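**Q** Would you mind keeping the following structure in view while I ask a few things?
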Amino acid sequence: MLPVPKPITILVEGESDKAAVVTLLPRFGIDAEAENITVTVINGAGNFGRAIPETVALGHRVGGLYDEAEEHFVADALNRQAGEDLTRQGFFASRPDLELELVRAVGAVAMTPLLEQHGDLKTFRNFQDQPKYRDADVVEQLRRYIGANGARKAKYAAILVEALEFGAFPEPLEGIVNWIWSA
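Following our numbering, the residues of the sequence shown are numbered contiguously, the last one being 216.
What follows is the structure in structure tokens.
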């Protein structure tokens, strides 16, 4: 008889990260429910120190996504040094954050029809015209626009993951998939 694999919990900082991962898994043929995979929002990187040991204590295999600036929280929770490769422990950094990773992967040119399709192109054009963002490059404008609102962040995390071509997924998202398959 084959051993039953441990349940997998993927810890993420917020709802947009969860939306990205939940959209990502079926694109790679992973049925989260059938594979006993849970994506858990921990409401900020400062909670990795609590969430990792709690999840491990439940007997789960635990991994996650985090923003580059928050790496020290994950390293501390895993008893690792800052700057150490955490991917072997199942944790993957977005550099600097998931919004920019996704915008770069989709590309600024492809963003225009996506924004238009979802009714946000006019609002984005108004955002671009704000003095604070007027001189920024379009990729940074897109990142800031998407990240300016929690609901928009989660909405576009899913939209952008769905829009990506295979082979264009950002490294942290590919890392999560490969880590799941390595069980």
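Using N, Cα and C, we set each Cβ at its ideal position, and we do this for glycine too.
Source: prediction; values computed, not measured.
Please report the residue range of the alpha helix (DSSP H) in which Ser49 lies.
**A** As a position in the sequence shown, residue 49 is number 16, starting the count at 1. Here the alpha helix (DSSP H) through Ser49 covers 48 to 60.
**Q** If you draw a straight line from the C-alpha of Leu133 to the C-alpha of Glu195, how long is it?
**A** Residue mapping note: residue 133 aligns to position 100 of the sequence shown, counting from 1. Residue mapping note: residue 195 aligns to position 162 of the sequence shown, counting from 1. Approximately 16 Å between the Cα atoms of the pair.
**Q** Spell out the partners DSSP gives Ser127 in its beta bridges.
**A** Mapped onto the sequence shown, residue 127 falls at position 94. Paired residue(s): Asp100.
**Q** Do the segment 48 to 65 and the segment 80 to 89 make contact, defined as three or more Cβ pairs closer than 8 Å?
**A** no
**Q** DSSP state of Arg177, grouped into three classes?
**A** In the sequence shown, counting from the first residue as 1, residue 177 sits at position 144. Correct three-state label for Arg177: helix.
**Q** Since Phe160 and Tyr178 are thought to touch, with beta carbons under 8 Å apart, how far apart are those beta carbons, to the nearest angstrom?
**A** Against the sequence shown, residue 160 aligns to sequence position 127. Against the sequence shown, residue 178 aligns to sequence position 145. With 8 Å as the limit, Phe160 and Tyr178 qualify as a contact, their Cβ atoms being about 5 Å apart.
**Q** According to DSSP, which residues form a beta bridge with Leu44?
**A** Start at 1 with the first residue of the sequence shown, and residue 44 comes out as number 11. DSSP output for Leu44 lists Thr73, Gly97 as bridge partner(s).
**Q** Would you kindly report the start and end of the unbroken alpha helix (DSSP H) that includes Ile209?
**A** Residue 209 sits at position 176 when you count from the first residue of the sequence shown. Element bounds for Ile209: 204 to 214.
**Q** Give every residue of the same chain whose Cβ lies closer than 6 Å to the Cβ of Ala78, excluding the five residues on either side of it in the sequence, and list them in chain order.
**A** For the purposes of this step, residue 78 is taken as the residue at position 45 of the sequence shown. The answer, listed in chain order, is Glu46, Tyr99, Glu103, Phe106.
**Q** Report the start-end ranges of each alpha helix (DSSP H) in the segment 147 to 194 that is 4 residues or longer and not cut off at the edges.
**A** 154 to 161, 171 to 180
**Q** I'd like to know if Thr145 contacts chain B, where contact means its C-beta is closer than 8 Å to some C-beta of that chain.
**A** Among the chains in the structure shown there is no chain B, since it carries only a single protein chain.
**Q** One question on the structure: do Gly97 and Leu135 come within less than 8 Å of each other, judged by their Cβ atoms?
**A** What you label residue 97 is simply residue 64 of the sequence shown in a count that begins at 1. What you label residue 135 is simply residue 102 of the sequence shown in a count that begins at 1. The answer is no: Cβ separation not under 8 Å.
**Q** Can you tell me which of the three DSSP states Pro86 falls into?
**A** Mapped onto the sequence shown, residue 86 falls at position 53. In this structure, Pro86 counts as helix in the three-state DSSP scheme.
**Q** Within 10 angstroms of the Cβ of Leu131, are there 16 or more other Cβ atoms? Answer buried if so, exposed if not.
**A** On the sequence shown, residue 131 is found 98 positions in, with the first residue counted as 1. Answer is buried; the Cβ neighbour count reaches 16.
**Q** Using 10 angstroms around the beta-carbon of Leu206, count the other beta-carbons present and answer buried if the total reaches 16, otherwise exposed.
**A** The residue labelled residue 206 in the question sits at position 173 within the sequence shown. Buried: at least 16 other Cβ atoms inside 10 Å.
**Q** Is the segment 143 to 150 touching the segment 120 to 127 in the sense that three or more CB pairs, one from each, lie closer than 8 Å?
**A** no
**Q** What does the alpha-carbon distance come out to for the pair Gly180 and Arg158?
**A** Here the question's residue 180 lines up with position 147 in the sequence shown. Here the question's residue 158 lines up with position 125 in the sequence shown. Cα-Cα distance, rounded: 15 Å.
**Q** Could you give the C-beta distance for Ile75 and Ile41, rounded to a whole number, given that I count them as a contact under 8 Å?
**A** Here residue 75 corresponds to residue number 42 of the sequence shown, with the count starting at 1. Here residue 41 corresponds to residue number 8 of the sequence shown, with the count starting at 1. That belief does not hold up - the Cβ atoms of Ile75 and Ile41 are roughly 15 Å apart, past 8 Å.
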